[in-house]
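Quick notes on the structure that follows.
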Amino acid sequence: MNTDELFDVFNEDENVLSSNTNLLLSNTKNIREDETETEIKQKKRKLNEIDLSEDSSSIDNNEKEEKDDKNDFVVTDYFIDFEEREEEKKKEKEEKEEEEEEEEGEKEKNINFNRRSVRHEVVYPVGYNYTSIRGEPLPEEPARKYKFKLDPFQKYSVNCIERNESALISAHTSAGKTVVAEYAIAKALKNRERVIYTSPIKALSNQKYRDFIQEFGDVGLITGDVTINPNASCLVMTTEILRVMLYRKNQIIKEVVWVIFDEIHYMQNMERGVVWEESIILLPSQTRFIFLSATIPNATQFAEWVCKIHKQPCHVIYTDYRPTPLQHYIFPINGSGIYLAIDEVGQFHHDNFNTVMTILDQQNLENESKVKKWKNNSKDFHDIFNIVKMIISKSYQPAIVFSFSKADCEALAVQLSKFDFNNDKEKEMIDIIFKNATASLSDEDFQLYQIQNMIPILKRGIGIHHSGLLPLLKEIIEILFQEGLVKILFATETFSIGLNMPAKTVVFTKLRKFDGRRRRWLTSGEYIQMSGRAGRRGIDDCGISILMLDKKIESKSVRDMIGGSPNKLNSAFNIKYCMILNLLRMENYKPEAILEKSFFQYQNREKIPGLENNLKTLQEQASHIIIEDEESIEDYYNIYQQLEIYRGDFKSVINHPAYILPFLQSGRLVHIKLNHDIDMANPTAGTGTFDFDGEGGGEEENRELEDDEILKDYQEVTRDFGWGILVNYQKCFAQVKGSDIKSELEGQRYIIDVLLICKPGTEKDHLPPEPCGEGEKGDPIVIPCDLSSVEEISSVRVFLPKNLKSLESRQQMAKVLSEVAKNFSDGIPLLDPIEDLKINDSSFEKLIKKIRVLETRLFEHPLHESPKLKSLFEQYDKKVILDKKIKYMKRKVDRMNNILKLDELKYKKRVLRRLGFMSSSGILELKGRVACEIMTGDELVITEMLFDGAFNDLTIPQIIALLSCLVSQEKIKNSESVNVRKDMWNPYKRLMDTVKKIMKISIESKVEIDEEKYIESFSKNLINAIYAWGEGEPFVNICKLTTMYEGSITRVIKTIDEMLKQLVNAAHVIGNVELENKFKEATKVHHRGIVFSASLYL
């Protein structure tokens, strides 16, 4: 049986692609002819909606100039340019000679569609003498020559560099952004100027150093691990190193003319993004910048910010041109093939998508157990086998198979190792590369489990790449993948960051990931970043992305994920003690000034005009509400609202597991109502939702309300599904990231499965469940709901068949439900809370009395029987909601007008004063100057321990072991069972006492702190293993003392090494020579073995 028979690729008619392309081009042409110049102008700021028409390129730049008086800059020189590929021109010429005139025209349209486009815009300060870059030729004597023709975006970038003007280059992965970085370096070296290239990760820095030193020679490297030629004209470093140089006022900074920030979109990283923001602010304004980024929709906003803080022009050069177009396929778990969902011209194939959803539906009906979820202990990888077979048989390799779990990557690779994708010559090459790369290792290190088990897998053309691998092993795998010796690579999403490792095909084993809080679908930005690895420029006609689905998903969600806008570049600015202390030491920079200049502040202040307009709209809406007899309806409304609060309390007691669980038998009738209020008093509170996944991850993230939510008209705030039939219930557990560990959720949360009557078409069209309208014949569907959604519980039970998967059985139960309702004309009887549920509590009895009193007042109110009650109530309710919205918007506008995070800065300064790090007048004390030396770990805790003499009497193994508790670590199974060795009890207790002391002062100073999370960050997981490392034990023995991955242990040891170097400097500042020498000796003992083996890129 050949692969095609075993595994089909489902496409539509062969002519569909060309017809869809022509249709799309035809529509584009029609729009182009009808579109006015004004409409084109309105699109100019939408970076992800580039008009490729020739007409758009003729827009008058002068008419498009914008001046922002408030921000004192000009946004102008907007245009879109494009260029045909040389090979396309040649193809067009041949087709014109061979084809008839009509066919020739159609081909020409296709060629136009494939043109490379670039969008340009510039922001410059008022008074700057700017001339348009449009049509500017490349320099006659360029700083660097290329053997290939530059793309339009590369040409404009080169001209920006020649003008000595900063630029943000935003383009897809593999589009050729590195060409721009190389030209900036060449230009600087030609002019005998210094240039700095920064990257987010050390591995990328090492790789770029290797590339640049071959090209330019005069290149140095500075990372936390290694320093090579630090006086070179071109320095490659991580962004953290650049920030340290800025804090220390390093002399090199004064000589730097160009700084290249690669992967600038990393600035939105919640943990490290602030480093990019600080570095950009602190760099001298005479420095010129090249920002390289994935496609971001708010590139102009970023350029405006750079222009504002540095008073220099910043160009935006944006292209959504993908050198190698992508085809996106969907594979339903247990399916027989892959289905084209979105083709290379962006056409969504509805029929194929609906076929996939139908397959998933059928599988659920036939046997729920057939819908597999990848788990570490899974023995059946039939689907992956078939996909890999298809990839190899159709020569779609090399392929990257993305999984969001390290354990799954390894399990999949091991299961696949029964296949062999390499010939004898390739195996020999792998053997040579592997032996050369590991030649410097000791015999003990070479026998490590991870190394020995990787060799046979690699020889078969299968690789693994995740953060738990040894750095040396990761680099070997990267080199083998680049050389084409690894055909199938199983990787986590970290592989998609920075490293230039394109493949022909990308496979997603899941489209849902656990982000530390909940399990959710991938965002468009995450998908674009990972799928961008598919398609090798100049090799593949198109890249292939295969999405494995084990759950139904709306077609809109798929389109938004695949073809939606990339993630907006939002500031992740946060205030850290390290920043405050170092800025105070710099003297000429105040922390308040950094807050004022931050991108975070700029983004929020840009919202003020829109917020003020929205506030005005709300106020106008409120002014038009005139209510008859307002005083009377206000009284009625207040009684009703108080009654609703008491009823909510009543419901909470009834729904407590201690009372309700004994009555959650299958067949019990329950009334389901979902509240959907927006709490204006607490705008970051999540809204109530069904947990449709039943995975305990249905909560919304804490967030501020979006303006469109605030401006929504009055609408029903509850979804009342009426009576349903209870099928089952289960306790909800939280999934621990990256493993199969489950832990009980706080508050004993329960999920109940209820047969509810939903809106017609819900099941067929895969719609979110909504209540069925009166008189409609709805769809009976079993829906997982939170226990809190039970409004009432009945004393009535009905007989429930064992299997409700078939539509027929569910429809039969819907009839039973309808008959029960008819039989009880006075209402379905309820369980009595005292007699049946046995709630014998005096406070509960008082609550019932309060409800009865308020109900009496409500029923006796003059408006209760009034025919006008409903309209009056809705009017007054709308007014109340509008008043809340107006107050919320006013608070938001006031906050935006002030320096944001100023209170947080004030509170953290209070902590520093109380601990003696700074004086009341804001001058750094000795403690503060010592803390400035600590850039790794918690600077407050470490400094307090230094001054308390916590390290003075410790041995070197004890020091190293204690420092392991100060290093950020990943969670491991059974972490609570780690028993600290006896000689570490007192040092560990002293550490935790210091931690609690600082936490107490922080809370007293009003600093927001998650106490549990803060305590947990000082983990003892590796204390015994690192003690053994400090005693000189080989790495292979260390790995046996913990379940943590080898790569994770390596990261902790390397971080401790950085910390020890910083402690040497800290002890020197204190003047404690003995302690300084002890830390130096600890560094010598600690720095050894495979952990510190040199990078293969160096």
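Numbered per the UniProt record's numbering, the sequence shown spans residues 1 to 1098.
We treat Cβ as the ideally placed atom computed from N, Cα and C, and that holds for glycine.
- Task: Can you give me the Cβ contacts of I1053 inside the same chain, cut-off strictly under 8 Å, excluding the 5 residues immediately before and after it?
- Result: Counting from one through the sequence shown, the residue named residue 1053 turns up at place 1053. I1026, W1029, H1086, V1091, listed in sequence order.
- Could you check what DSSP says for F402 in three-state terms: helix, strand or coil? Here the question's residue 402 lines up with position 402 in the sequence shown. Looking at F402 - three-state DSSP - the assignment turns out to be strand.
- Exposed unless 16 or more other CB atoms sit within 10 angstroms - verdict on G135: Along the sequence shown, one-based indexing puts residue 135 at 135. Flag for G135 reads exposed.
- Item | Residues of its chain near N422, where Cβ-Cβ distance is below 8 Å and the 5 sequence neighbours each way are ignored | Within the sequence shown, numbered from 1, the residue matching residue 422 stands at position 422. The residues are I430, K459, R460, G461, L485, K487.
- Run of the beta strand (DSSP E) containing R520, from where it starts to where it stops: What you label residue 520 is simply residue 520 of the sequence shown in a count that begins at 1. 519–521 is the span of the beta strand (DSSP E), which, as asked, contains R520.
- Going by DSSP, which residues form a beta bridge with F261? Counting from one through the sequence shown, the residue named residue 261 turns up at place 261. Partner(s): T198, F291.
- Item | Of the listed residues T718, I725, I752, R719, nearest to K731 (C-alpha basis) | For the purposes of this step, residue 731 is taken as residue 731 along the sequence shown, with counting starting at 1. Measuring from the Cα of K731, the nearest candidate turns out to be I752.
- Spatial distance of K427 from F385 (CA atoms): Residue 427 sits at position 427 when you count from the first residue of the sequence shown. Residue 385 sits at position 385 when you count from the first residue of the sequence shown. One C-alpha to the other measures close to 22 Å.
- Query: Which residues in the same chain have their Cβ closer than 6 Å to the Cβ of K879, if we skip the five residues on either side of it in sequence?
  - Reply: Mapped onto the sequence shown, residue 879 falls at position 879. Only I625 meet the Cβ criterion.
- Message: Taking the alpha helix (DSSP H) that G928 belongs to, which residues open and close that run?
- Response: Indexing the sequence shown from 1 puts residue 928 at position 928. Its alpha helix (DSSP H) spans residues 926–931.
- Query: To the nearest whole angstrom, what separates the beta carbons of K884 and L611, a pair I think is in contact under 8 Å?
  - Reply: Along the sequence shown, one-based indexing puts residue 884 at 884. Along the sequence shown, one-based indexing puts residue 611 at 611. Incorrect: roughly 16 Å between the Cβ atoms, too far for contact.
- Please classify G778: is it buried, with 16 or more other beta-carbons within 10 angstroms of its beta-carbon, or exposed? Mapped onto the sequence shown, residue 778 falls at position 778. Buried: at least 16 other Cβ atoms inside 10 Å.
- Per-residue burial, D765 [other beta carbons within 10 Å of its own, 16 or more giving buried]: On the sequence shown, position 765 is the one that residue 765 refers to. Looking at its Cβ environment, which holds fewer than 16 other Cβ atoms inside 10 Å, D765 is exposed.
- In its own chain, which residues sit with a C-beta less than 7 Å from the C-beta of A413, not counting the 5 before and 5 after it? Numbered from its first residue, the sequence shown carries residue 413 at position 413. Within the same chain, A413 has close Cβ partners I457, I462, I464, F490.
- Query: Of the choices E763, H349, M992, whose alpha-carbon is the least far from that of R559?
  - Reply: What you label residue 559 is simply residue 559 of the sequence shown in a count that begins at 1. When each option's Cα is compared against that of R559, the closest is H349.
- Query: In this structure, does DSSP put A439 in helix, strand or coil?
  - Reply: Counting from one through the sequence shown, the residue named residue 439 turns up at place 439. In this structure, A439 counts as coil in the three-state DSSP scheme.
- Item | Same chain, Cβ closer than 7 Å to F844, five either side skipped, listed in chain order | Within the sequence shown, residue 844 is the residue found at index 844, counting from 1. Closer than 7 Å at the Cβ level, and outside the excluded window around F844, lie V653.
- From the DSSP output, in three-state form, read off P829 for me. Taking the first residue of the sequence shown as 1, we reach residue 829 at position 829. DSSP places P829 in coil when its eight states are reduced to three.
- Chain-order list of residues whose beta-carbon lies under 6 Å from that of Y247 (same chain, five-residue window excluded): Here residue 247 refers to the residue found at position 247 of the sequence shown. Result list for Y247: N582, in chain order.
- Item | Option in D218, E855, F153, K149 with minimal Cα separation from I80 | On the sequence shown, position 80 is the one that residue 80 refers to. Selected option, being the one with the closest Cα: F153.
- Query: In whole angstroms, what separates the C-alpha of A399 from that of P591?
  - Reply: Taking the sequence shown and counting its residues from 1, the one referred to as residue 399 is at position 399. Taking the sequence shown and counting its residues from 1, the one referred to as residue 591 is at position 591. Each residue's alpha carbon lies about 48 Å from the other.
- Message: Could you check whether the segment 322–332 touches the segment 181–189, counting it as contact only if at least three pairs of C-beta atoms, one from each stretch, sit closer than 8 Å?
- Response: no
- Query: DSSP on K731, reduced to helix/strand/coil?
  - Reply: Stepping through the sequence shown from its first residue, residue 731 is reached at position 731. Looking at K731 - three-state DSSP - the assignment turns out to be strand.
- Message: Threshold first: 4 residues or longer. Then list the alpha helix (DSSP H) segments lying entirely within the segment 461–500, N to C.
- Response: 471–482
- Count the other C-beta atoms from every protein chain shown that fall within 10 angstroms of the C-beta of G176, then say buried if there are 16 or more, exposed otherwise. By 1-based counting over the sequence shown, the position of residue 176 is 176. Flag for G176 reads buried.
- Going by C-alpha distance, which of L767, E141, K1040, D629 is nearest I781? Taking the sequence shown and counting its residues from 1, one reaches residue 781 at position 781. Measuring from the Cα of I781, the nearest candidate turns out to be L767.
- Query: Rounded to whole angstroms, how far is the Cβ of V1064 from the Cβ of E1076, which I believe are closer than 8 Å?
  - Reply: Here residue 1064 refers to the residue found at position 1064 of the sequence shown. Here residue 1076 refers to the residue found at position 1076 of the sequence shown. Their Cβ separation, rounded to whole angstroms, is 6 Å, which keeps V1064 and E1076 in contact under 8 Å.
- Put T718 into one of helix, strand or coil per three-state DSSP. Position 718 of the sequence shown, counting from 1, holds the residue named residue 718. Looking at T718 - three-state DSSP - the assignment turns out to be strand.
- Taking the Cβ atom as the reference point for each residue, do E444 and V1036 lie within a distance shorter than 7 Å? The residue labelled residue 444 in the question sits at position 444 within the sequence shown. The residue labelled residue 1036 in the question sits at position 1036 within the sequence shown. The answer is yes: Cβ separation under 7 Å.
- Query: Roughly how far, in whole angstroms, is the beta-carbon of Y197 from the beta-carbon of I241, given that I think they are within contact range, below 8 Å?
  - Reply: Counted from its first residue, the sequence shown places residue 197 at position 197. Counted from its first residue, the sequence shown places residue 241 at position 241. Going by Cβ atoms, the distance from Y197 to I241 rounds to 11 Å, so no, they are not a contact pair.
- Task: Identify the continuous beta strand (DSSP E) that holds T238 and give its terminal residues.
- Result: Reading the sequence shown from its first residue, position 238 is the one you call residue 238. Taken as a continuous stretch (DSSP letters only), the beta strand (DSSP E) holding T238 covers 234–238.
- Task: Return the Cβ separation of L902 and L595 in integer angstroms, given the expectation that the two are a contact with Cβ distance under 8 Å.
- Result: Along the sequence shown, read from residue 1 onward, the residue named residue 902 stands at position 902. Along the sequence shown, read from residue 1 onward, the residue named residue 595 stands at position 595. That pair is a contact at about 7 Å.
- Query: Counting pairs of beta carbons, one from the segment 203–215 and one from the segment 229–240, are three or more of them closer than 8 Å?
  - Reply: yes
- Query: With contact counted as at least three CB pairs below 8 Å, one residue from each stretch, are the segment 319–329 and the segment 303–310 in contact?
  - Reply: no
- Query: Could you give the distance in angstroms between the alpha-carbon of L940 and the alpha-carbon of R913?
  - Reply: Your numbering for residue 940 matches position 940 in the sequence shown. Your numbering for residue 913 matches position 913 in the sequence shown. Distance between the alpha carbons of L940 and R913 is about 12 Å.
- Query: Cα-Cα, which of E1033, K971, R990, N986 is closest to K1013?
  - Reply: The sequence position of residue 1013 within the sequence shown is 1013, counting from 1. Comparing Cα positions, the closest option is K971.
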